[in-house]
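To start, the structure under review is shown below, and the notes come after it.
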Amino acid sequence: MTIHDDDNRLRAALDACKIQDRDNAGLLDAVLFNAAATPQQRKTRLFLPVFDPAWRMQVAMLACLALLGYWGGNALAPATTATPATQISSSGNTYMNTLIFGANNWKEIIL
Amino acid sequence: MEQRDADHDLMGRVALGDMRAYRELMGKHLNRSVKVAERMLGNRQDAEDVMQEACLKIWVEAPRWQPRAKFSTWLYRIVLNACLDRRRKNGTTTAHMAAAPADEDWADHIADDAPLAEDRLIEAQQAAQVQKALQDLPDRQRAAIVLSYYENMSNQDSADAMGIRLGAFQQLLFRAKQSLKTSLISETSL
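In order, the protein sequence lines correspond to chains G and F. Take the first sequence: its letter number 82 is residue 119 in the working numbering, and every next letter is one higher. Take the second sequence: its letter number 49 is residue 196 in the working numbering, and every next letter is one higher.
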């Protein structure tokens, strides 16, 4: 064998060392079989990654829901305070009346 | 670029558990990757075992995959790491890849075609010498040669696949070539 003292000759020597092309159908079947028998590793992390866009999206959605809930609560508040709970509290349970929205109005209608 | 996009699309579907996409993706890359493993490990059986491990890892990790680099680069990285693990586990293997058929097979081979027999025998001997020199290289140097010469990957892609910086890869490749040349010179002087 000649001495390979440059890149091209080294490449030629390496080219001489071929691996035969083989049918990998059997290997592919084994690979697919293994995959079918194994569950994927889903993103079930205890600590959510700060830089994960999906995580930021979830936080943004939660924040929006919380704000909507807050505003919604405020919007409903005047309706529940329209009939002051203290008017009925003298003859009943103030805490329960204020806890159950609309209870005061029903009492007024019925009585 | 299209190949890259196609691989990314397929990988996106694999991440959702699409087995058909996984089959397509693996079918596309299996041949080349198994050859890389075979060159790294020196025998077909180990290469197939390692490929099964590597492919399973791709399936399992698919939902966490981020398309930062080419899919093939990531695949080679997994395959190379699996090969290095296998060699560490087994100790440095002395088995050399059968670049040419075994001697008895060759006897049958050359009997069929007498005028070419001598040339083919010489070729086989040369291939065996190169293969031995390649297998005697340190693992990382061999990986550099395999990626650069046999897979025709760019230095940057090879460096990414090996998880090292470009400069470090270039130095590794240079040392690998020097070692290979030295090894081949000493082989021929025997």
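Cβ atoms here follow ideal geometry from the backbone N, Cα and C, with glycine treated the same way.
Of the residues the options, the one placed nearest residue i, counting alpha carbons only
{"i": "Ala153(F)", "options": "Cys202(F), Arg224(F), Ser219(F) and Lys279(F)", "result": "Ser219(F)"}
{"i": "Arg186(F)", "options": "Leu281(F), Gln303(F) and Ile269(F)", "result": "Leu281(F)"}
{"i": "Leu319(F)", "options": "Val293(F), Glu298(F) and Leu331(F)", "result": "Val293(F)"}
{"i": "Gln272(F)", "options": "Cys54(G), Ala49(G) and Ala103(G)", "result": "Cys54(G)"}
{"i": "Asn45(G)", "options": "Glu171(F), Lys324(F), Thr329(F) and Ile332(F)", "result": "Lys324(F)"}
{"i": "Leu64(G)", "options": "Asp165(F), Met198(F) and Arg224(F)", "result": "Met198(F)"}
{"i": "Leu284(F)", "options": "Arg233(F), Leu331(F), Leu172(F) and Glu171(F)", "result": "Leu331(F)"}
{"i": "Tyr297(F)", "options": "Gly164(F), Lys204(F), Arg312(F) and Tyr223(F)", "result": "Tyr223(F)"}
{"i": "Ala184(F)", "options": "Ala194(F), Arg233(F) and Asn299(F)", "result": "Ala194(F)"}
{"i": "Gln192(F)", "options": "Cys230(F), Ala274(F) and Trp212(F)", "result": "Cys230(F)"}
{"i": "Phe70(G)", "options": "Arg233(F), Met166(F) and Ser180(F)", "result": "Met166(F)"}
Neighbour list for residue i in chain G, Cβ cutoff strictly below 7 angstroms
{"i": "Trp206(F)", "result": "Ala72, Thr75 and Gln77"}
{"i": "Cys230(F)", "result": "Chain G residues near Cys230(F): none, gap ~15 angstroms exceeds 7 angstroms."}
{"i": "Tyr296(F)", "result": "Arg48 and Leu51"}
{"i": "Pro210(F)", "result": "Gln77, Gln78, Arg79 and Lys80"}
{"i": "Glu265(F)", "result": "What Glu265(F) touches in chain G: nothing, since even the nearest Cβ is about 15 angstroms away."}
{"i": "Leu222(F)", "result": "The contacting residues do not exist; Leu222(F) stays about 12 angstroms from chain G at best."}
{"i": "Leu327(F)", "result": "Leu47"}
Residue i - DSSP class collapsed to helix/strand/coil
{"i": "Leu203(F)", "result": "helix"}
{"i": "Asp60(G)", "result": "coil"}
{"i": "Ala49(G)", "result": "helix"}
{"i": "Pro210(F)", "result": "helix"}
{"i": "Arg312(F)", "result": "coil"}
{"i": "Cys230(F)", "result": "helix"}
{"i": "Leu319(F)", "result": "helix"}
{"i": "Leu284(F)", "result": "coil"}
{"i": "Lys55(G)", "result": "coil"}
{"i": "Gly164(F)", "result": "coil"}
{"i": "Ala216(F)", "result": "coil"}
8 angstroms Cβ cut-off: residues of chain F touching residue i
{"i": "Ala91(G)", "result": "In chain order: nothing, as chain F lies at least about 11 angstroms away."}
Residues that residue i contacts on chain F, provided the C-beta gap is smaller than 7 angstroms
{"i": "Asn61(G)", "result": "Leu177, Asn178 and Val181"}
Nearest-angstrom Cβ-Cβ length linking residue i and residue j, presumed shorter than 8 angstroms
{"i": "Leu227(F)", "j": "Met309(F)", "result": "6 angstroms"}
{"i": "Arg322(F)", "j": "Gln288(F)", "result": "6 angstroms"}
{"i": "Ala162(F)", "j": "Ala209(F)", "result": "4 angstroms"}
{"i": "Lys217(F)", "j": "Asp156(F)", "result": "In fact, because the Cβ distance is near 13 angstroms, the residues do not count as touching under 8 angstroms."}
{"i": "Trp206(F)", "j": "Ala72(G)", "result": "4 angstroms"}
{"i": "Gln317(F)", "j": "Asn302(F)", "result": "6 angstroms"}
{"i": "Leu177(F)", "j": "Asn61(G)", "result": "5 angstroms"}
Listed by chain order, chain F residues near residue i by CB distance under 9 angstroms
{"i": "Val96(G)", "result": "Ordered by position in chain F, no residue passes the 9 angstroms Cβ test against Val96(G), which lies about 20 angstroms from the chain."}
Where residue i meets chain G, residues with beta-carbon distance less than 9 angstroms
{"i": "Met166(F)", "result": "Leu69, Ala72 and Ala73"}
{"i": "Tyr169(F)", "result": "Val68, Leu69 and Ala72"}
{"i": "Leu157(F)", "result": "Those within 9 angstroms of Leu157(F) in chain G number zero; the least Cβ separation is about 14 angstroms."}
{"i": "Leu203(F)", "result": "Val68, Asn71, Ala72 and Thr75"}
{"i": "Lys324(F)", "result": "Asp44 and Leu47"}
Chain G contact residues for residue i, given Cβ-Cβ distances below 8 angstroms
{"i": "Met173(F)", "result": "Leu65, Val68 and Leu69"}
{"i": "Met198(F)", "result": "Leu64 and Val68"}
{"i": "Lys274(F)", "result": "Just to set this straight, residue 274(F) is Ala in the shown sequence, not Lys. Residues of chain G passing the Cβ test: Ala53, Cys54 and Lys55."}
{"i": "Gln278(F)", "result": "Cys54"}
{"i": "Leu358(F)", "result": "It is not possible to answer for residue 358(F), since the shown part of chain F is limited to 148 through 337."}
Proximity test, residue i beta-carbon vs the ligand MG heavy atom, cut-off 6 angstroms
{"i": "Phe321(F)", "result": "The model on display carries no ligand, and the ligand MG is accordingly not part of it."}
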